[in-house]
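Engineer: Pasting a structure below so you can have a look.
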Amino acid sequence: MHTINNKIQRGFSASAKRYDLFSGLHRGIADKLFAQVAKEPAPSALLDVGCGTGYLTARLKDHFPLSNIIGLDFSSDMLEVAQSKHEDIAWVLGDAHHLPFLDGNFDILISNLAYQWIGDLSRAFSEARRVLGPNGVLACTLFGYNTCKELFQSLGEARTKALQFNRLPDEAQIRAALAASGFKNPDINSELIKIEFNSMHELIAWLKSIGANHLPASPANGTREGFWGPEALSRAASIYRKKFPYFKGVGATFEVIRVYAKR
């Protein structure tokens, strides 16, 4: 899993400077998360885990101007972009598995579409709970198991030999990780969002543009991880267009899982 995380980190770092140009979906989901957290009393300190280039973090600083707002990300390139735009916010390089903060340091921990990339959710949620004070709030969104299900099906059918994909966590796995971390009675709900792309190739290019292109495959036949020849990709694109047409192009499903929990 350490290797996978390194790949994800490199992907986000490589896309940092163009991330905001392609992240409309992320921002729409972030806006809903912001609206939820904005109803909370002004926190003394708030942490945004996986802050990226700082869109949500900056909105929170504007809404809670007297609060200590910290943005944390494991990509130094993302933080460099964030720092260049928002110098009044503390930006910290760090990993959700090992939050570099004292126990009980925050009133609110927020995260938009970051925890799905984390290898050990139970450990990450335990860290979140550790740094929250009494009655502290965890509010986060994750892409769930059904995200890009059409892509997985098309790629799977295009291969002549068995292939197993490492998929994103589902709602049951997230709920179990929260329980194991000590969060009781979390409020969890999910939403399916469908987006039109011109083709499967455009979807893959978009995933690469936002750094989110490392959902690796584990081939049962020993094929090198992540390798797709042009013929297999062409077959997959044809399958995708035939089975998942949407308006004038093809449809891609994104499952958004929302979590709200108190310490």
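Numbered continuously in the numbering used here, the sequence shown closes out at residue 254.
Glycine is no exception: its CB is placed at the ideal position from the N, C-alpha and C atoms.
Note that the coordinates shown come from a computational prediction; the quantities given were computed from them, not determined experimentally.
Check whether the Cβ of G127 sits closer than 6 Å to any heavy atom of the ligand ADP, and report yes or no.
Structural biologist: Absence of the ligand ADP from the depicted structure is noted, as is the absence of any ligand whatsoever, leaving it without description.
Engineer: If you draw a straight line from the alpha carbon of K8 to that of Q74, how long is it in whole angstroms?
Structural biologist: With a pLDDT of only 44 at K8, under 50, the local geometry of the prediction cannot be trusted, and no value is derived from it.
Engineer: Compare the C-alpha of I61 against each of A227, A171 and L100 and name the closest.
Structural biologist: Closest option to I61, Cα to Cα, is L100.
Engineer: Should the region 128 to 144 be regarded as contacting the region 20 to 31, the criterion being three or more beta carbon pairs within less than 8 Å?
Structural biologist: The region 128 to 144 vs the region 20 to 31: in contact.
Engineer: Leaving out five residues before and five after S172 in sequence, what residues of the same chain have Cβ atoms less than 6 Å from its Cβ?
Structural biologist: Counting only Cβ-Cβ distances below 6 Å, and skipping sequence neighbours, we find S113, F116, S117 and R120.
Engineer: How big is the Cα-Cα spacing for R249 and S102?
Structural biologist: Near 10 Å, if we compare the C-alpha coordinates of S102 and R249.
Engineer: Contact between the region 136 to 152 and the region 78 to 85: three or more CB pairs below 8 Å?
Structural biologist: As far as the Cβ criterion goes, the region 136 to 152 does not touch the region 78 to 85, which means the pair count is below three.
Engineer: So, using beta-carbon positions, are E193 and F238 closer together than 7 Å?
Structural biologist: Not closer than 7 Å, so no.
Engineer: Put A29 into one of helix, strand or coil per three-state DSSP.
Structural biologist: In this structure, A29 counts as coil in the three-state DSSP scheme.
Engineer: Please report the straight-line C-alpha distance between G41 and D64, rounded to a whole angstrom.
Structural biologist: If you take the alpha carbons of G41 and D64, they lie about 5 Å apart.
Engineer: Specify the secondary structure class of K23 as computed by DSSP and reduced to three states.
Structural biologist: The answer is helix: DSSP assigns K23 an H, G or I state.
Engineer: Determine the burial state of D178: buried for a count of at least 16 other Cβ atoms within 10 Å of its Cβ, exposed for fewer.
Structural biologist: It is exposed - the Cβ of D178 has fewer than 16 other Cβ atoms within 10 Å.
Engineer: With a CB to CB cut of under 6 Å and the five nearest residues on each side skipped, what residues in its chain are close to R215?
Structural biologist: For R215, the predicted structure reports a pLDDT of 43, less than 50, and the residue's modelled location is therefore unreliable. A value from the coordinates is still provided. So no residue of the chain qualifies.
Engineer: Please classify Q221: does DSSP put it in a helix, a strand, or coil?
Structural biologist: Residue identity check: residue 221 is Pro in the sequence provided, not Gln. If DSSP states are grouped into helix, strand and coil, P221 belongs with the helices.
Engineer: Taking all protein chains shown into account, decide if D68 is buried (16 or more other Cβ within 10 angstroms of its Cβ) or exposed.
Structural biologist: It counts as buried.
Engineer: Counting only beta-carbon separations shorter than 7 Å, does A49 have a partner in chain B?
Structural biologist: Protein chain content of the structure displayed is limited to a single chain, and chain B is not contained in it.
Engineer: Here's the rule: buried if 16 or more other CB atoms are within 10 angstroms of the residue's CB, otherwise exposed. What is G43?
Structural biologist: Label assigned to G43: buried.
Engineer: If the criterion is Cβ atoms closer than 7 Å, does the pair D94 and P34 meet it?
Structural biologist: No, they are not a contact pair.
Engineer: Buried or exposed: where does G220 fall if 16 or more other Cβ atoms within 10 Å of its Cβ makes it buried?
Structural biologist: Exposed: under 16 other Cβ atoms inside 10 Å.
Engineer: Secondary structure at G240, three-state DSSP: helix, strand or coil?
Structural biologist: The answer is strand: DSSP assigns G240 an E or B state.
Engineer: Tell me where the alpha helix (DSSP H) around N48 begins and ends.
Structural biologist: Reading off the sequence, residue 48 comes out as Thr, not Asn. Taken as a continuous stretch (DSSP letters only), the alpha helix (DSSP H) holding T48 covers Y46 to H54.
Engineer: Along the chain, which unbroken stretches of the alpha helix (DSSP H) at least 4 residues long are found entirely within the region 113 to 185?
Structural biologist: Segments of the alpha helix (DSSP H) lying fully in the region 113 to 185: 140 to 149 and 162 to 171.
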